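**Q** Submitted below is the structure of interest, expressed as structure tokens.
Protein chains: 2
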Amino acid sequence: MKNKNIIARQTNFADWYTSVIKEAKLVEYAPVKGTMFFLPNGWAIWESIRNEIDKQFAKMNVKNVQLPLFIRQADFLKEKEHVEGFAPELFTVSTNKKGELAEPLVVRPTSEISFCQVFKSQIRSFNDLPVLYNQWCSVCRCEKNTRPFLRNTEFHWQELHTAHATKDEAVKQTLKTLEVYKNFVEDYLCMPVLVGEKTVNERFAGAENTYTLEALMQDGQALQCATSHYLGQNFARAYDVKYQTRDNKFDVVHQTSAGISTRIIGGLIMSHSDDNGLILPFKIAPTQIAIIVVNANDKATNNYVKILKKTLGDKYRVIVDDSDKSFGFKINKYQVQGVPFCLAVGTQEIEANEVTFIRRDSNDKVKIGLKALAKHLTTAIKEYQANLYNTANNRLQSSIVEVDNFNKFKEVINNKKIALCYFDDTIENEKKIKELTGATARCIKQAGVKDKTCFYTGKPATHLIYFARAY
Amino acid sequence: MKNKNIIARQTNFADWYTSVIKEAKLVEYAPVKGTMFFLPNGWAIWESIRNEIDKQFAKMNVKNVQLPLFIRQADFLKEKEHVEGFAPELFTVSTNKKGELAEPLVVRPTSEISFCQVFKSQIRSFNDLPVLYNQWCSVCRCEKNTRPFLRNTEFHWQELHTAHATKDEAVKQTLKTLEVYKNFVEDYLCMPVLVGEKTVNERFAGAENTYTLEALMQDGQALQCATSHYLGQNFARAYDVKYQTRDNKFDVVHQTSAGISTRIIGGLIMSHSDDNGLILPFKIAPTQIAIIVVNANDKATNNYVKILKKTLGDKYRVIVDDSDKSFGFKINKYQVQGVPFCLAVGTQEIEANEVTFIRRDSNDKVKIGLKALAKHLTTAIKEYQANLYNTANNRLQSSIVEVDNFNKFKEVINNKKIALCYFDDTIENEKKIKELTGATARCIKQAGVKDKTCFYTGKPATHLIYFARAY
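In structure tokens:
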């Protein structure tokens, strides 16, 4: 049973993407350009991601806080690079009562400034360090070309902000956060990623170093999944975040910030889903198992299902569908919505004391006896997660092509692959390549560059870099 | 050990309130007037409230969604009463790039309008009803006089919005939601409340009926804890939310909305806390038990504490403080922060295989053997919750004074009590009373009013009403 409203990926990948979002009822467009209504199915994915990241962050002793939506424009203007990076995207606020607002406010596009203000109020001495604060919120940026999840006027994210006594400790935190993200994205979202530092041109406005996770979508375009920044002392200097050192002097803190946003939901969709709709990793799926009642309203069936739900419901996120819709309708619905496993229960299954176990990824159907179900599930979850990851990883690995000249580079990029090349990294060269090919430096691969030549300029290379077209 | 920065309630209740907030590190003022930095201790209380309400709402089959911060001003203007109610409080948005914004936007002061738009997009027929959607978000309203938690320019809340086929069903939902709030506020927050309908003058802008929970603070002022509104078909008509009925006609839906906000944290503080700092109900406290190590860094102690933490940590939210601060410092800290139970562990306790169990509410200290601990905890939790509730309830009940003339009314209000009186309820009369006494109608008590006379006008009474000064 195929949902006819879902466009085939081969026909038009962009239309497929929006049709999956619509049919899976994740979001709807809202009236203000670039904003969305998150429907229950869409928001539940984000809540699932939030719950898991909260758990991982708690292990690092991160505390959640909540800072204001509005920032004084005057405060925003203090860190030069930051301002220049965000100025074109800012929303500013005025009241409807003329003159009542004492000064212009901006709607936060990110919260480095508020965090600096909190740090300043909370940090007195080295004893108070490190401080690790995170917030879940939405941020707003004017965007010209908007697409659901991928580029929104308002989007949701978590932003982790930390303050440290030393550069060394802050850099370690930057990399540790990156590692937490990598494990989460690979293990929970089944998305293999390239990990590395961003080039100067792609760096976060105001950061000294930006590290990124880059995934590859099914259409050959890269997607930035998460970033982790070492901010140095730039913000701390601009906002006067100092502390008393062990030897009774004063120094400004070293900061990091890092974030993962609702953009990752777009990445999830484009990594795994197919022409039948959404495919979600088991670990993150809001509904992990749907028990589908084939003949509803029969007492024996109801009891059977009740026990099944009770057994599985303690361990997994389970729903029961005993509506009077047809089996075909139901299986199609959960397929479109990306529920990993459907357990069909009808007269046959009850007589044989079993369920029909249907996997979303492979569409495999097997009969499993109730006694073997728990064990089968454990294995099936592992296989399912591994299958999603391996499929995506094979795509990623086979897409990377080493390139040493510009013609080959253009060919690789036009074939929707990732070009790995030695490069003389300057902002100018990056801009030129983007202009000519649409490709951008996704991240730097750690490697020696001695005696290596830039594929583009023929000059000595400074870095080994992954280039791709990207969302 | 008393925290000297906490003002006595008797000295100045308002200063006591802000000193508790500051010393318990709940929030700090942020630079934009009326906005706050929620610090970890403050935000954790809200997360704890959120988690519990999410659980209660899930039982009603409510789904969480997330709708935009920005609403088109043109859309906002469609429901007349709603607009009039909120117009003076609106923040409007413009970009910094002149002319780029196609139309004026408002920052949501509440989301009835967005929910109508979602309902319109999701509801086709009676089969789709009822729809029960909730969102956790912040809303912004220009406020002149702001106070932490009680009145903020930006505050956090949940807003539940539902759509139904019939008035009867919608009214039932309004009351059911009110009941969920009442149980939550009384059982989890230990705050006894007066429950009833709001008068016309106090009704939500655009609603047909508003129901409220009103608690009494330690200074004799009332505080609105939560509201539940039957919106009728006003919004549905203005925003064209129709559905196909069973007999193939079209009708507009009946709606409800309801919310509880971070204001309740202010209510929590003023209900239970004392001159030593915060007192939090056990069920809602982010940290329920603090294990205080008296002599840190001793291997036997560490093991003892580790086992204790492991045993309790499965069931309760437990922290261990094995820092090298003094016992006095530690106990003071958790007292100020409102941790319900502290378990002190030192050499003595380890030798006797026990803990010193210290209750925040009564400050009782008892030695409890490890074997008896689980049972003691179960009892102590019940007693602790009951003690907070009963103390607050005694205050509430003894504050209610029946009043049948205006002189008595003024005396009661000036004595910081609640006046219960038969009243000829008109907007004009309510406004006059507020002007003369500062008291407002908190809610209507259900009662017959036949042959009853208004305490104020001497005319026949229309309602029996609780009046009080309120936050």
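Chain order of the listed sequences is A and B. Per my numbering, the very first residue in the first sequence carries number 414; after that it's consecutive. Per my numbering, the very first residue in the second sequence carries number 414; after that it's consecutive. Heads up, the beta-carbon is just placed ideally off N, CA and C, and yes, glycines get one too. None of these values were measured; they are calculated from a predicted model.
Closer than 7 Å by beta-carbon distance: list the chain A residues that pair up with residue 642 of chain B, in chain order.
**A** Stepping through the second sequence from its first residue, residue 642 of chain B is reached at position 229. Chain A residues near residue 642 of chain B: none, gap ~21 Å exceeds 7 Å.
**Q** For chain A, find out if any of its Cβ atoms is closer than 8 Å to the Cβ of residue 556 of chain B; answer yes or no.
**A** Along the second sequence, one-based indexing puts residue 556 of chain B at 143. For residue 556 of chain B, the nearest beta carbon of chain A is not closer than 8 Å to its own beta carbon.
**Q** Can you find a C-beta in chain A that's less than 8 Å from the C-beta of residue 681 of chain B?
**A** Position 268 of the second sequence, counted from the first residue, corresponds to residue 681 of chain B. Not closer than 8 Å to any Cβ of chain A, the Cβ of residue 681 of chain B fails to qualify, so no.
**Q** Using a Cβ-Cβ cut-off of 8 Å, state whether residue 743 of chain B counts as contacting chain A.
**A** Position 330 of the second sequence, counted from the start, is the residue given in the question as residue 743 of chain B. Chain A, which has no Cβ nearer than 8 Å to the Cβ of residue 743 of chain B, makes this no.
**Q** Where do the N-terminal and C-terminal ends of the alpha helix (DSSP H) with residue 683 of chain A fall, by residue?
**A** Sequence index remark: in the first sequence, residue 683 of chain A carries index 270 (1-based). Where residue 683 of chain A is concerned, the enclosing alpha helix (DSSP H) stretches over 676-685.
**Q** List the residues of chain B that residue 441 of chain A touches, going by C-beta distances under 9 Å, in chain order.
**A** Position 28 of the first sequence, counting from 1, holds the residue named residue 441 of chain A. What residue 441 of chain A touches in chain B: 530, 531, 534, 535.
**Q** Output, in chain order, the set of chain A residues within a Cβ distance shorter than 7 Å of residue 476 of chain B.
**A** In the second sequence, counting from the first residue as 1, residue 476 of chain B sits at position 63. For residue 476 of chain B, the residues of chain A that pass the 7 Å Cβ criterion are 453, in the order they occur in the chain.
**Q** According to DSSP, simplified to helix, strand and coil, what is residue 794 of chain A?
**A** Working through the first sequence from its first residue, we reach residue 794 of chain A at position 381. Residue state, collapsed to three classes: helix.
**Q** I'd like the span of the alpha helix (DSSP H) that includes residue 580 of chain A, first residue to last.
**A** For this step, residue 580 of chain A is matched to residue 167 along the first sequence. Per DSSP, residue 580 of chain A belongs to the alpha helix (DSSP H) from 580-596.
**Q** If you draw a straight line from the C-alpha of residue 628 of chain B to the C-alpha of residue 724 of chain A, how long is it?
**A** The residue given as residue 628 of chain B occupies position 215 in the second sequence. The residue given as residue 724 of chain A occupies position 311 in the first sequence. The straight-line gap from Cα to Cα measures roughly 42 Å.
**Q** Quick one: does residue 485 of chain B have its CB under 8 Å from some CB of chain A?
**A** Numbered from 1 along the second sequence, position 72 holds the residue referred to as residue 485 of chain B. Interface residue (Cβ-Cβ distance to chain A less than 8 Å): residue 485 of chain B is classified as such.
**Q** Note down, in chain order, each residue of its chain lying with its Cβ closer than 7 Å to the Cβ of residue 402 of chain A, except the 5 sequence neighbours on either side.
**A** With chain A covering only 414 through 884, there is no way to say anything about residue 402 of chain A.
**Q** By DSSP's criteria, residue 549 of chain B is part of a beta bridge. Which residues make up the other side?
**A** Here residue 549 of chain B refers to the residue found at position 136 when the second sequence is read from its first residue. Paired residue(s): B:571.
**Q** Between which two residues does the alpha helix (DSSP H) containing residue 430 of chain A stretch?
**A** The sequence position of residue 430 of chain A within the first sequence is 17, counting from 1. Boundaries of the alpha helix (DSSP H) harbouring residue 430 of chain A: 426-436, taken from the DSSP string.
**Q** For residue 442 of chain B, which of helix, strand or coil comes out of DSSP?
**A** Stepping through the second sequence from its first residue, residue 442 of chain B is reached at position 29. Strand at residue 442 of chain B.
**Q** Looking only at its own chain, which residues have a Cβ that is under 6 Å from the Cβ of residue 671 of chain B, when we skip the five neighbours before and after it?
**A** The residue you call residue 671 of chain B lines up with position 258 of the second sequence. If we look at residue 671 of chain B and ignore the five residues flanking it on each side, its Cβ neighbours are 573, 590, 641.
**Q** With distance defined between alpha-carbon atoms, name the residue in A:846, A:861, A:828, A:863 nearest to residue 855 of chain A.
**A** In the first sequence, counting from the first residue as 1, residue 855 of chain A sits at position 442. Residue A:846 is the option with its Cα nearest to residue 855 of chain A.
**Q** Since residue 622 of chain A and residue 610 of chain A are thought to touch, with beta carbons under 8 Å apart, how far apart are those beta carbons, to the nearest angstrom?
**A** Within the first sequence, the letter at position 209 stands for residue 622 of chain A. Within the first sequence, the letter at position 197 stands for residue 610 of chain A. Going by Cβ atoms, the distance from residue 622 of chain A to residue 610 of chain A rounds to 6 Å, so yes, they are a contact pair.
**Q** On a CA-only basis, which of B:424, B:431, B:420, B:459 is nearest residue 677 of chain B? Give me that one, please.
**A** The sequence position of residue 677 of chain B within the second sequence is 264, counting from 1. If we check each option's Cα against that of residue 677 of chain B, B:459 comes out closest.
**Q** Against residue 504 of chain B, what residues of chain A qualify as contacts under a CB-to-CB distance less than 7 Å, listed in chain order?
**A** If you number the second sequence from 1, residue 504 of chain B lands on position 91. Ordered by position in chain A, the residues that pass the 7 Å Cβ test against residue 504 of chain B are 506, 508.
**Q** Under 8 Å between C-beta atoms, does residue 444 of chain A make it to chain B?
**A** As a position in the first sequence, residue 444 of chain A is number 31, starting the count at 1. Yes, because at least one Cβ of chain B sits closer than 8 Å to the Cβ of residue 444 of chain A.
**Q** Would you be able to state if there are at least three C-beta pairs under 8 Å between the segment 688-698 of chain A and the segment 460-471 of chain A?
**A** yes
**Q** Determine the DSSP secondary structure at residue 543 of chain B, reduced to helix, strand or coil.
**A** Counted from its first residue, the second sequence places residue 543 of chain B at position 130. Residue state, collapsed to three classes: coil.
**Q** Distance cutoff 8 Å, beta carbons only. Does residue 638 of chain B sit that close to anything in chain A?
**A** Looking up residue 638 of chain B in the second sequence gives position 225. For residue 638 of chain B, the answer is no, since every Cβ of chain A falls outside 8 Å of its Cβ.
**Q** Roughly how many whole angstroms lie between the Cα atoms of residue 779 of chain A and residue 470 of chain A?
**A** Along the first sequence, one-based indexing puts residue 779 of chain A at 366. Along the first sequence, one-based indexing puts residue 470 of chain A at 57. In a straight line, the C-alpha of residue 779 of chain A is about 39 Å away from that of residue 470 of chain A.
**Q** Among the candidates A:785, A:532, A:637, A:809, whose CA atom is the shortest distance from the CA of residue 833 of chain A?
**A** For this step, residue 833 of chain A is matched to residue 420 along the first sequence. Residue A:809 is the option with its Cα nearest to residue 833 of chain A.
**Q** Going by beta-carbon coordinates alone, are residue 835 of chain A and residue 865 of chain A separated by less than 8 Å?
**A** Taking the first residue of the first sequence as position 1, residue 835 of chain A is located at position 422. Taking the first residue of the first sequence as position 1, residue 865 of chain A is located at position 452. Yes, these two residues count as a Cβ contact at 8 Å.
**Q** Going by Cα to Cα distance, which pick from B:483, B:765, B:827, B:644 is closest to residue 492 of chain B?
**A** The sequence position of residue 492 of chain B within the second sequence is 79, counting from 1. Of B:483, B:765, B:827, B:644, the residue nearest in Cα terms is B:644.
**Q** Across the segment 819-827 of chain B and the segment 798-809 of chain B, are there enough close Cβ pairs to call them in contact, namely three or more that are closer than 8 Å?
**A** Counting Cβ pairs under 8 Å, fewer than three are found: no touch.
**Q** Alpha helix (DSSP H) containing residue 834 of chain A: first to last residue?
**A** Looking up residue 834 of chain A in the first sequence gives position 421. For residue 834 of chain A, no alpha helix (DSSP H) run applies; the uninterrupted beta strand (DSSP E) run containing it begins and ends at 831-836, by DSSP.
**Q** Between residue 766 of chain B and the rest of its own chain, which residues show a CB-CB distance below 7 Å, the 5 nearest in sequence each way excluded?
**A** The residue labelled residue 766 of chain B in the question sits at position 353 within the second sequence. Once the five neighbours on either side are set aside, the close Cβ partners of residue 766 of chain B are 782, 783.
**Q** In chain A, which residues lie with their C-beta within 7 Å of the C-beta of residue 610 of chain B?
**A** Counted from its first residue, the second sequence places residue 610 of chain B at position 197. Going along chain A, no residue has its Cβ under 7 Å from residue 610 of chain B, so there is no contact; the nearest lies around 31 Å.
**Q** Taking only three categories from DSSP, how would you classify residue 714 of chain A?
**A** Within the first sequence, residue 714 of chain A is the residue found at index 301, counting from 1. Residue 714 of chain A: helix per DSSP, three-state reduction.
**Q** Round the Cβ separation of residue 440 of chain B and residue 529 of chain B to the nearest angstrom and send it over; I've been treating them as touching at under 8 Å.
**A** As a first step, residue 440 of chain B is located in the second sequence; it is residue number 27 there, counting from the start. As a first step, residue 529 of chain B is located in the second sequence; it is residue number 116 there, counting from the start. Distance from residue 440 of chain B to residue 529 of chain B at the Cβ level is roughly 33 Å; contact not present, criterion being Cβ atoms closer than 8 Å.
**Q** Using only alpha-carbon positions, find the residue among B:485, B:500, B:523, B:499 that is nearest to residue 516 of chain B.
**A** For the purposes of this step, residue 516 of chain B is taken as the residue at position 103 of the second sequence. Among B:485, B:500, B:523, B:499, the Cα nearest to that of residue 516 of chain B is on B:485.
**Q** Taking the C-alpha atoms as reference points, what is the distance between residue 433 of chain B and residue 541 of chain A?
**A** For the purposes of this step, residue 433 of chain B is identified with residue 20 of the second sequence, where counting begins at 1. For the purposes of this step, residue 541 of chain A is identified with residue 128 of the first sequence, where counting begins at 1. The alpha-carbon atoms of residue 433 of chain B and residue 541 of chain A are separated by roughly 21 Å.
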